[in-house]
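Participant: This structure is in structure tokens; I'll ask about it shortly.
Number of protein chains: 2
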Amino acid sequence: MVHNLDALFDPENIAVVGASNNPLKAGYTVIYNLNQIGYPKEVFPVTMSADEILGRKCYKKLSEIEETVELVVLGTPAKMIYDIMDDLAVRMEKRRDVKVIVCIAADYGETKTEEGIRRQDCLIQTAEKYGIRVVGPNCIGIIDNINRVDTTFVETLIPKEMRGQKGGISFISQSGAMAASILMMGASGPAPISMNKFISIGNMADVDCIDLLEYFEQDADTKVIGMYLEGYPDGRKLIDTLARIARKKPVVILKVGRSSIGAEAANSHTGSLAGADSVYDAAFRQFGIIRVYTIEDMMDTLQAFDAMKIPAGRNCFLLTQAGGPGIYCTDAFVDEKILKFPLVSEETKRRLADVLPPMANICSPEGYADITAAATVSHHVESLRAVMDDDAVDSVIFVTVVPTFLPRRELAEALLRLLVEEGYGKKKPVCICIMAGNYVWECRQILEQGGIHTFDTPAHCVKAMSHMTAYGQFLKGQEEEADE
Amino acid sequence: MVHNLDALFDPENIAVVGASNNPLKAGYTVIYNLNQIGYPKEVFPVTMSADEILGRKCYKKLSEIEETVELVVLGTPAKMIYDIMDDLAVRMEKRRDVKVIVCIAADYGETKTEEGIRRQDCLIQTAEKYGIRVVGPNCIGIIDNINRVDTTFVETLIPKEMRGQKGGISFISQSGAMAASILMMGASGPAPISMNKFISIGNMADVDCIDLLEYFEQDADTKVIGMYLEGYPDGRKLIDTLARIARKKPVVILKVGRSSIGAEAANSHTGSLAGADSVYDAAFRQFGIIRVYTIEDMMDTLQAFDAMKIPAGRNCFLLTQAGGPGIYCTDAFVDEKILKFPLVSEETKRRLADVLPPMANICSPEGYADITAAATVSHHVESLRAVMDDDAVDSVIFVTVVPTFLPRRELAEALLRLLVEEGYGKKKPVCICIMAGNYVWECRQILEQGGIHTFDTPAHCVKAMSHMTAYGQFLKGQEEEADE
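Below, the structure is given as structure tokens:
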């Protein structure tokens, strides 16, 4: 079977079968999302029930569309699959243009009923006959922010002008609901998460995790790969693939079914055998595959890898403007055995003393500084600069709680100047937490729109930094092995 | 020294010394917050630099205010303390009305400088002479949502009409920045957290943790106590107090300085000796004091205790509308050893089969049901009802990801009908997670405004439920001991 995944992410025109004018239907949201993201080519709604949907002319049948269609989104009730495949065959005999089907409908093989399996067989056999790749069924669709494709029926409420922001994260989800949740959560931060490619793989009747992992492995625009994984029939092959990729780019996995009861639920869900979790866990550790345990941790870690340089070593300086959050952060820091507090030079300590208010705590304990609640914007920026200039420092965690008198917008702009304009962010990673809530939202938005990821809490900074540091150490170990 | 804490939370008029017309100054925000919360009595700004602030007539000196003043908020630069205390003495010789000072300024004893200590001594000696209690210095102030007092200089951006919502949570913070962060985060959820009383205790020059714990112990409006703790000079006394209170109402503590480096940072910060963490930890376990490790966990747990009944036993049913999030939740559930999956009756399973779509997974594994992405509002509500009606079920975790076709507002309203109008929420606790982000914000707001707390992720539900369950088991153990 041909590869054809290029046409999945960059199709020449898209037909949406089962399109609808009813905003509560998936067949409406797909058209809406394609409009919102600004898909630059043609979208052809296929439906018997409307002449026009959101400004797009409708067709009664796939076979009636005069122009090239490379991607077909299937959103009709599953029982209609037989008629649609007949019509697809008519089209393909004439034009042979369709390369990929994304089947966002459910009630196929996942039902484990005879009828569901028969529907899935019909879909796959027709597709195979014409060399068409199939994503799904029972998935929520795919997104490519580079080529501006969004076939999902997930409403994220991202404003149109913020849609299609390119990033380096490509994500694969084995659960549609988890995929939707991640999209919706990712849309609700200070700035929407800039994904590169996003795919919900559903039943994996054809295209599966490994196809996509290999695609992302080769994809120059994919800087980091994220994955929600329940299980995979050939665990060995999956691990081998992941291990090969992890030597080239970071792979962050939320693998569920850790517990035996969780594995039983997973088996009921997608029929995937979760496999002994300890085997996965050991393999992940051995091969530098980054395992996360919470949704928040996954999203933060992916964004950190996308936005930041991988730390060259384990020495992470903790710079805080607030005692309590600093101590809280220190506890979380120490929990992550990988991170170490650096011993900065006397010169750096002098610089800190010069630029900070007299009450500041400089390096007690070592590798930690509290610039105090009295810190101005300049105190924030100059202390960060001093710490980043020290050769003993591989990375920085930076925590601030913005009091009334500290101008929030100026703080964000000054940090952007240091990290982006002056290029400090290119030298070493800095995980920034600006607490808290709506009060600092605009300040975080300015930073995020400037390409600096911000974290909700100090402990979230620590998690992401520890994952990045562990990956950096893994790569270093690989290099050393290669040198031997 | 007299107790006088009643006047802290329900003062007859408030003077704000160091008030300001500059919105970047703390002395402005205090007046602003008192206006916003709708403090029903008089506020007297004291300043040399303005005649009126936010509609309040200003006074040059404390001693000039003709009416009774029970609470004085001190926001002037610390070096002015000597003059202010002289003026306070003039007032007290005449009127003897001031009962409490809340000193929100810094640069006192916490600086460990001779001058800082001298200032604090001046403050405390004057206060002692006239039987005045002092909160702070170096704190961010106090809030009482019942009596509509807010002396903090924290801007939460809570709209005026949502200020002063009464709840059962009373909170003590040993860090001003952590206190401010919690207020700001708490203000930014689907509905602002409804605190009862909130206090940042700063240097504890007079009023300390134990005074407040004892006050909250007696306070009928306080249903659950939260605390951010770095350390306390008399650890034994603190534990004894906490242990006594925990037999009456839940106490949730975020105790930092867990690590030796964190303890060192805490010592630099407030000079508090963190004490051996293992000692605290063992005592917390023994005496039913609930220990949390993250800010999110603390806020969720406090809100859960405030909003819900304490579970009668360990059997928690997991009801999910989404496979992936359900499995993710199951893993988190199993991690918390305290929770058990119940074995519901055949009758309950039949009821679930009757009310749910045919594809639903009923009790595979036991104690778990997946109502599927096809579930309607009625499927949600009736399956929850069936599960809650089963005697084997002590509590429920309920997870749903709202797809496009599921009307969000109707879902919230139907859940409110079951849990509030029909009183199901009074029978057993239900932790509800409605995923995710802005898309479900309004749905969560409706529930929260109806008194039902909602959680950001399934794992957050699990954490709160496990803390509530552990506390329920502790109380049961106490009763059994008493019966023997």
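Chains A and B supply the protein sequences, listed in that same order.
For what it's worth, the numbering used here labels the leading residue of the first sequence as 1, then goes sequentially.
For what it's worth, the numbering used here labels the leading residue of the second sequence as 1001, then goes sequentially.
Every residue gets a Cβ at the ideal spot worked out from N, C-alpha and C, and that includes glycine.
#1: Where do the N-terminal and C-terminal ends of the beta strand (DSSP E) with B:Asp1370 fall, by residue?
#2: Under 7 Å, CB to CB, which of the residues in the region 304–325 of chain A have a partner in chain E?
#3: If the cut-off is 9 Å on Cβ atoms, which residues from the region 1174–1185 of chain B count as contacting chain A, listed in chain order?
#4: Along the region 1361–1394 of chain B, what residues have a CB closer than 8 Å to any CB found in chain A?
#5: Which chain A residues sit within Cβ distance under 7 Å of B:Glu1155?
#6: Closest to B:Ser1175 by C-alpha separation, out of B:Glu1067, B:Gly1141 and B:Asn1196, would be which residue?
#7: Could you pull out every residue in the same chain whose Cβ sits closer than 7 Å to the Cβ of A:Asp306, ignoring the five residues on either side in sequence?
#8: So what's B:Phe1171 in DSSP terms, helix, strand or just coil?
#9: Under the rule that 16 or more other beta-carbon atoms within 10 Å means buried, what is A:Asp206, buried or exposed?
#10: Just tell me which of B:Leu1415, B:Leu1319 and B:Ile1201 has its CA closest to the CA of B:Glu1366.
#11: Could you tell me if A:Gln303 is buried or exposed, where buried requires 16 or more neighbouring beta carbons within 10 angstroms of its beta carbon?
#12: Counting only beta-carbon separations shorter than 9 Å, does A:His269 have a partner in chain B?
#13: So if DSSP puts B:Asp1150 in a beta bridge, which residue, or which two residues, is it bridged to?
#14: What are the residues in the region 191–219 of chain A lying within 9 Å of chain B by C-beta distance?
#15: Considering just the uninterrupted stretch of the alpha helix (DSSP H) at B:Tyr1232, what are its terminal residues?
#16: Indicate whether at least one CB of chain A lies closer than 9 Å to the CB of B:Lys1337.
#17: Beta-carbon separation of B:Gly1425 and B:Lys1309 under 9 Å?
#18: Does the Cβ-Cβ distance between B:Leu1071 and B:Ile1101 come in under 9 Å?
#19: I think B:Ala1105 touches B:Leu1074, with their Cβ atoms under 8 Å apart; what is that distance to the nearest whole Å?
#20: Let me know if A:Met1 comes out buried or exposed under the rule of 16 or more other beta-carbons within 10 Å of its beta-carbon.
#21: Enumerate in chain order the residues of its own chain whose CB-to-CB distance from A:Val90 is below 7 Å, with the five nearest sequence positions on each side excluded.
#22: Given a limit of 7 Å on CB to CB distance, which residues of the region 1280–1291 of chain B reach chain A?
#23: Give the DSSP bridge partners of B:Asn1315, in chain order.
#24: Would you give the residue range spanned by the beta strand (DSSP E) that A:Met525 belongs to?
#25: Quick one, which residues of the region 17–29 of chain A are near chain B if we go by CB-CB under 7 Å, in chain order?
#26: Answer with yes or no whether the minimum CB distance from B:Phe1398 to chain A is below 9 Å.
#27: What residues in the region 256–267 of chain A have a beta carbon less than 7 Å from any beta carbon of chain B?
#28: Could you name the residues of chain B that A:Glu410 contacts, counting a contact when the two beta carbons are closer than 7 Å?
#29: State the Cα-Cα distance for the pair A:Glu230 and A:Leu212, rounded to the nearest angstrom.
#30: CB-CB under 7 Å to A:Phe474, same chain, minus the five flanking residues each way: which ones, in chain order?
#31: Can B:Met1468 and B:Pro1429 be called in contact, C-beta distance under 9 Å?
#32: My assumption, with CB atoms under 8 Å, is that B:Val1149 sits in contact with B:Met1184. Please give the rounded CB distance.
#33: Is there a Cβ of chain A sitting closer than 9 Å to that of B:Phe1333, yes or no?
#34: Taking the alpha-carbon positions, what's the B:Tyr1215 to B:Val1134 distance?
#35: Could you tell me whether the Cβ of A:Thr330 comes closer than 9 Å to any Cβ of chain B?
#36: Please report whether the beta-carbon of A:Leu352 lies at a distance below 9 Å from any beta-carbon of chain B.
Facilitator: Reading off the structure:
#1: Locating residue 1370 of chain B in the second sequence gives position 370, counting from the first residue. Taken as a continuous stretch (DSSP letters only), the beta strand (DSSP E) holding B:Asp1370 covers Tyr1368 to Asp1370.
#2: Given the protein chain composition of this structure (A and B), no chain E is represented.
#3: Gln1174, Ser1175, Gly1176, Ala1177, Met1178, Ala1179, Ala1180, Ser1181, Ile1182, Leu1183, Met1184 and Met1185
#4: Asn1361, Ser1364, Pro1365, Tyr1368, Asp1370, Ala1373 and Ala1374
#5: Stepping through the second sequence from its first residue, residue 1155 of chain B is reached at position 155. In chain order: Thr404 and Tyr439.
#6: Within the second sequence, the letter at position 175 stands for residue 1175 of chain B. Out of B:Glu1067, B:Gly1141 and B:Asn1196, B:Gly1141 has the C-alpha closest to the C-alpha of B:Ser1175.
#7: Taking the first residue of the first sequence as 1, we reach residue 306 of chain A at position 306. Result list for A:Asp306: Gly167, Gly168, Ile169, Lys223 and Val224, in chain order.
#8: Here residue 1171 of chain B refers to the residue found at position 171 when the second sequence is read from its first residue. Strand at B:Phe1171.
#9: In the first sequence, residue 206 of chain A corresponds to position 206, counting from 1. A:Asp206 comes out buried.
#10: Counted from its first residue, the second sequence places residue 1366 of chain B at position 366. Nearest option by C-alpha distance: B:Leu1319.
#11: Sequence index remark: in the first sequence, residue 303 of chain A carries index 303 (1-based). Classification of A:Gln303: buried, given that the 10 Å Cβ count is 16 or more.
#12: Translated into positions along the first sequence, residue 269 of chain A becomes position 269. For A:His269, the answer is yes, since a Cβ of chain B falls inside 9 Å of its Cβ.
#13: Counting from one through the second sequence, the residue named residue 1150 of chain B turns up at place 150. According to DSSP, which records beta bridges pairwise, B:Asp1150 is partnered with B:Ile1143.
#14: none
#15: By one-based count along the second sequence, residue 1232 of chain B stands at place 232. Unbroken run through B:Tyr1232: none, as it is neither H nor E.
#16: Taking the first residue of the second sequence as 1, we reach residue 1337 of chain B at position 337. No, B:Lys1337 lies away from the interface with chain A (no Cβ there is under 9 Å from its Cβ).
#17: Looking up residue 1425 of chain B in the second sequence gives position 425. Looking up residue 1309 of chain B in the second sequence gives position 309. Yes, the pair counts as a contact, with Cβ atoms nearer than the cut-off.
#18: Within the second sequence, the letter at position 71 stands for residue 1071 of chain B. Within the second sequence, the letter at position 101 stands for residue 1101 of chain B. Going by C-beta atoms, B:Leu1071 is nearer than 9 Å to B:Ile1101.
#19: If you number the second sequence from 1, residue 1105 of chain B lands on position 105. If you number the second sequence from 1, residue 1074 of chain B lands on position 74. Yes, they are in contact, since the Cβ atoms of B:Ala1105 and B:Leu1074 sit about 6 Å apart, within 8 Å.
#20: Counted from its first residue, the first sequence places residue 1 of chain A at position 1. At A:Met1 the pLDDT is 39, less than 50, meaning the model places this residue with poor confidence; the figure from the coordinates comes in the next sentence. Exposed, by the Cβ-count rule.
#21: Here residue 90 of chain A refers to the residue found at position 90 when the first sequence is read from its first residue. Excluding positions up to five away in sequence, the list reads Ser63.
#22: none
#23: The residue you call residue 1315 of chain B lines up with position 315 of the second sequence. BP columns for B:Asn1315 point to B:Lys1340.
#24: Coverage of chain A is limited to positions 1 through 484, which leaves residue 525 of chain A absent and any answer about it impossible.
#25: Leu24, Lys25, Ala26 and Thr29
#26: Taking the second sequence and counting its residues from 1, the one referred to as residue 1398 of chain B is at position 398. No, its Cβ sits nowhere closer than 9 Å to a Cβ of chain A.
#27: Val256, Gly257, Arg258, Ser259, Ile261, Gly262, Glu264, Ala265 and Ala266
#28: The sequence position of residue 410 of chain A within the first sequence is 410, counting from 1. Within 7 Å Cβ-Cβ: nothing; A:Glu410 doesn't reach chain B, min ~11 Å.
#29: Taking the first residue of the first sequence as position 1, residue 230 of chain A is located at position 230. Taking the first residue of the first sequence as position 1, residue 212 of chain A is located at position 212. Spanning the two alpha carbons is a distance of roughly 16 Å.
#30: Reading the first sequence from its first residue, position 474 is the one you call residue 474 of chain A. Cβ within range, chain order: Gly288.
#31: To locate residue 1468 of chain B, count along the second sequence from 1; it is residue 468. To locate residue 1429 of chain B, count along the second sequence from 1; it is residue 429. Going by C-beta atoms, B:Met1468 is nearer than 9 Å to B:Pro1429.
#32: Sequence index remark: in the second sequence, residue 1149 of chain B carries index 149 (1-based). Sequence index remark: in the second sequence, residue 1184 of chain B carries index 184 (1-based). Contact doesn't hold; Cβ gap of about 19 Å is too wide.
#33: Looking up residue 1333 of chain B in the second sequence gives position 333. For B:Phe1333, the answer is yes, since a Cβ of chain A falls inside 9 Å of its Cβ.
#34: In the second sequence, counting from the first residue as 1, residue 1215 of chain B sits at position 215. In the second sequence, counting from the first residue as 1, residue 1134 of chain B sits at position 134. One C-alpha to the other measures close to 15 Å.
#35: By one-based count along the first sequence, residue 330 of chain A stands at place 330. Yes, its Cβ sits closer than 9 Å to a Cβ of chain B.
#36: By 1-based counting over the first sequence, the position of residue 352 of chain A is 352. No, its Cβ sits nowhere closer than 9 Å to a Cβ of chain B.
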